[in-house]
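These notes concern the structure reproduced below.
2 protein chains.
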Amino acid sequence: MNIVLIEETDFIGPHRVLLQERQARHVIKVLRAKVGDRIKTGLVNGKTGDGLICAVSDFRVELEVELTDPAPEALPITLLLALPRPKVFKRVLSAAVTMGVKKIFIFNTWRVDKSYWQTPLLRDDKLNEICLLALEQAVDTKLPEITLKPLFRPFVEDEVPNLARRHENTWLLHPHSGPAAGIKYAPLNSALIAIGPEGGFISFEVEMLKKAGLKQFSLGSRILRVEQAVPAALAPFLLSTTL
Amino acid sequence: MNIVLIEETDFIGPHRVLLQERQARHVIKVLRAKVGDRIKTGLVNGKTGDGLICAVSDFRVELEVELTDPAPEALPITLLLALPRPKVFKRVLSAAVTMGVKKIFIFNTWRVDKSYWQTPLLRDDKLNEICLLALEQAVDTKLPEITLKPLFRPFVEDEVPNLARRHENTWLLHPHSGPAAGIKYAPLNSALIAIGPEGGFISFEVEMLKKAGLKQFSLGSRILRVEQAVPAALAPFLLSTTL
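As given, the protein sequences belong to chains A and B, one line each in that order. According to the working numbering, the first sequence is numbered sequentially starting from 318. According to the working numbering, the second sequence is numbered sequentially starting from 318.
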């Protein structure tokens, strides 16, 4: 946790915040913060700044906060992610959120096992928890918008074409794509990035996604795992937003 | 597994190979390959090509192999990785090997818990297993060279300067580095990349590594996890080797 993220409901005074449970334990046990210390603090979906520790008792920490700085810039990316196994999904979602993606569609494809859609990780409260931890890692405050699309065809036929029109780059990551449509580095503006499931898209899906406006490209001849492909595909944007 | 990797000891004839155990089970159960099918095959540290399935019995598969193609090009990267928690280490090593890194030094720093050096994952047989699975994912055959450096100071003072001189780029990935020394994209030649432990390098270590010839840079203002930073840092090289 590189920033303590608070919610409006944590306020007990105009600038006074009460941390409890996980966050209080972390501040006490891991950061070993004491009264008088300052810790990086942010309001979920709001500004970041300083929290001055005013009181520490058994697993309760009171902070006097001053939040004046904007959250870091979002990546100009919309991510279309075929739902991977729950364990991998958690890691991939964390990576995307830590790296600054704010718009994520989780969608179904042929090689997505039906059982994956039953995972409790897709419940709002669980998604929220994964995202908050990822933002605390990244020193960011803004939650992403996550939309579940359990039906491939209506999503790709009716919604993806509009998404594609609204982004300058439209990348369909697909490992077996032969000569790759090259990624052009810097300056990179917005991108719609679609990443297949473990095992990849089937040809029919590739064709449908291309018809919806995406361009096929690969990250080289090696076949990467989903959790490697996502950070690799986002990397050029990290660099273009900051250098 | 996107390629079946065989060893010299698997040969039972000039071109005939016997697969057993994990690989045979995978070919039978996951690929559902039958006599007459061809599957992508490679010799560890050798060439790749075709394996024609000649016989299938209970968890034994016989292949007639023809290996004529070179393994994919290696990334021109030497990776210096501070040893993370075992669970994370396994993922990070897999990612680096899948993405094509062939020279890896695992080293110690202040924030590497001493207990991590006791993990069985660092035994030769376990490292070999992790690497083979990663190569089977990547469709590659060449095992990386992995060296353990459990003492920070002699490694950084005596060996890193020589490594730094042999690479065109020398990147010290460090999240809190303020204005970043920019990564220049394309064409990227060789690079020495050092990545800190979970929690980062301490200032003393940053200074030592800079003195050894590395240049500090960051992947933006966000603090990434090690398993996200490694694929992100390698991504520009994937692209320059293939486009």
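Ideal Cβ positions, reconstructed from N, Cα and C, are used throughout, including at glycine.
Have a look at residue i and residue j and give me their C-alpha separation to the nearest angstrom.
{"i": "Met-525 of chain A", "j": "Pro-401 of chain A", "result": "20 Å"}
{"i": "Leu-397 of chain A", "j": "Ala-508 of chain A", "result": "11 Å"}
{"i": "Gly-517 of chain A", "j": "Val-456 of chain A", "result": "32 Å"}
{"i": "Val-418 of chain B", "j": "Arg-342 of chain B", "result": "28 Å"}
{"i": "Asp-386 of chain B", "j": "Asp-354 of chain B", "result": "19 Å"}
{"i": "Pro-464 of chain A", "j": "Arg-339 of chain A", "result": "First, the amino acid is wrong: residue 464 of chain A is Thr here, not Pro. For Thr-464 of chain A and Arg-339 of chain A, the distance between alpha carbons rounds to 27 Å."}
{"i": "Lys-459 of chain A", "j": "Val-334 of chain B", "result": "55 Å"}
{"i": "Val-361 of chain A", "j": "Pro-331 of chain A", "result": "16 Å"}
{"i": "Asp-468 of chain B", "j": "Asp-475 of chain B", "result": "What sits at residue 468 of chain B in the sequence shown is Leu, not Asp. Taking the straight line from one Cα to the other gives about 11 Å."}
{"i": "Leu-551 of chain A", "j": "Thr-326 of chain B", "result": "41 Å"}
{"i": "Val-352 of chain A", "j": "Gly-359 of chain A", "result": "19 Å"}
{"i": "Lys-364 of chain A", "j": "Phe-328 of chain A", "result": "15 Å"}
{"i": "Asn-506 of chain A", "j": "Pro-514 of chain A", "result": "26 Å"}
{"i": "Ile-370 of chain A", "j": "Ile-510 of chain A", "result": "42 Å"}
{"i": "Arg-349 of chain A", "j": "Val-373 of chain A", "result": "11 Å"}
{"i": "Leu-541 of chain B", "j": "Phe-376 of chain A", "result": "28 Å"}
{"i": "Leu-336 of chain B", "j": "Pro-389 of chain A", "result": "52 Å"}
{"i": "Asn-445 of chain A", "j": "Thr-395 of chain A", "result": "18 Å"}
{"i": "Ile-512 of chain A", "j": "Val-429 of chain B", "result": "34 Å"}
Against chain B, with Cβ distances strictly below 7 Å, would residue i count as a contact?
{"i": "Pro-548 of chain A", "result": "yes"}
{"i": "Gln-545 of chain A", "result": "yes"}
{"i": "Val-456 of chain A", "result": "yes"}
{"i": "Ala-412 of chain A", "result": "yes"}
{"i": "Thr-436 of chain A", "result": "no"}
{"i": "Ser-507 of chain A", "result": "no"}
{"i": "Asn-319 of chain A", "result": "yes"}
{"i": "Ala-552 of chain A", "result": "yes"}
{"i": "Arg-539 of chain A", "result": "yes"}
{"i": "Leu-536 of chain A", "result": "yes"}
{"i": "Leu-555 of chain A", "result": "yes"}
Give a yes or no on whether 7 Å exceeds the smallest Cβ distance from residue i to chain A.
{"i": "Pro-389 of chain B", "result": "yes"}
{"i": "Leu-449 of chain B", "result": "no"}
{"i": "Thr-415 of chain B", "result": "yes"}
Considering residue i, what are the terminal residues of the alpha helix (DSSP H) in which it resides?
{"i": "Ala-412 of chain B", "result": "403-415"}
{"i": "Val-523 of chain B", "result": "520-528"}
{"i": "Ala-481 of chain B", "result": "477-482"}
{"i": "Lys-258 of chain A", "result": "There is no way to answer for residue 258 of chain A, as the model of chain A reaches only from 318 to 560."}
{"i": "Ala-350 of chain A", "result": "No alpha helix (DSSP H) holds Ala-350 of chain A; DSSP gives it neither H nor E."}
{"i": "Leu-388 of chain B", "result": "Residue 388 of chain B is actually Ala in this sequence, not Leu. Element bounds for Ala-388 of chain B: n/a, residue is neither H nor E."}
May I ask which residues mark the beginning and end of the beta strand (DSSP E) holding residue i?
{"i": "Lys-466 of chain A", "result": "462-466"}
{"i": "Asn-486 of chain B", "result": "486-490"}
{"i": "Leu-360 of chain B", "result": "355-360"}
{"i": "Val-418 of chain A", "result": "First-last for Val-418 of chain A: undefined, no H or E at that position."}
{"i": "Glu-515 of chain A", "result": "Unbroken run through Glu-515 of chain A: none, as it is neither H nor E."}
{"i": "Arg-339 of chain A", "result": "From DSSP, Arg-339 of chain A is part of no beta strand (DSSP E) but of the alpha helix (DSSP H) over 338-342."}
{"i": "Val-635 of chain B", "result": "The requested residue 635 of chain B does not occur in the structure, where chain B is confined to residues 318 to 560."}
{"i": "Thr-365 of chain B", "result": "365-374"}
{"i": "Ile-323 of chain A", "result": "321-323"}
{"i": "Lys-532 of chain B", "result": "532-534"}
Can you name, in chain order, every residue of its own chain whose Cβ lies under 7 Å from the Cβ of residue i, other than the five neighbours on each side?
{"i": "Lys-532 of chain A", "result": "Thr-487, Trp-488, Leu-489, Ala-498"}
{"i": "Leu-439 of chain B", "result": "Leu-465"}
{"i": "Gly-592 of chain B", "result": "It is not possible to answer for residue 592 of chain B, since the shown part of chain B is limited to 318 through 560."}
{"i": "Lys-443 of chain A", "result": "Pro-437"}
Whose C-beta lies closer than 8 Å to the C-beta of residue i among residues of the same chain, with five residues either side of it excluded?
{"i": "Tyr-433 of chain A", "result": "Leu-400, Pro-401, Arg-402, Pro-403, Phe-406"}
{"i": "Glu-462 of chain B", "result": "Lys-419, Lys-420, Ile-421"}
{"i": "Ala-391 of chain B", "result": "Gly-417, Val-418, Lys-419, Lys-459"}
{"i": "Phe-521 of chain B", "result": "Trp-427"}
{"i": "Ile-447 of chain B", "result": "Lys-407, Leu-410, Ser-411, Val-414, Leu-438"}
{"i": "Val-347 of chain A", "result": "Met-318"}
{"i": "Ile-527 of chain A", "result": "Reading the sequence as shown, one finds Lys at residue 527 of chain A and not Ile. Excluding sequence neighbours, Lys-527 of chain A sits near Leu-489, Gln-533."}
Residues in its own chain within less than 6 Å of residue i by CB, not counting five upstream and five downstream?
{"i": "Pro-496 of chain B", "result": "Residue placement at Pro-496 of chain B is poorly supported in this model, since its pLDDT is 48, which falls under 50; the coordinates still yield a value, given next. Closer than 6 Å at Cβ, skipping near neighbours: no residue."}
{"i": "Ala-412 of chain B", "result": "Val-547, Pro-548"}
{"i": "Ile-519 of chain A", "result": "Trp-427"}
Is the CB of residue i under 7 Å away from at least one CB in chain D?
{"i": "Ser-535 of chain A", "result": "Here the protein chains are A and B, and chain D is not one of them."}
Cβ of residue i within 6 Å of any heavy atom in the ligand SAM?
{"i": "Asp-375 of chain B", "result": "In the structure shown, the ligand SAM is absent, as is every other ligand, since no ligand is present at all."}
Using 8 Å as the threshold, is the segment 378-385 of chain A in touch with the segment 403-415 of chain A, meaning 3 or more CB pairs across them?
Flag = no, the segment 378-385 of chain A and the segment 403-415 of chain A do not touch.
Determine, using beta-carbon pairs with one atom in the segment 319-328 of chain B and one in the segment 443-453 of chain B, whether at least three such pairs fall under 8 Å.
The segment 319-328 of chain B makes contact with the segment 443-453 of chain B, as at least three CB pairs between them are under 8 Å.
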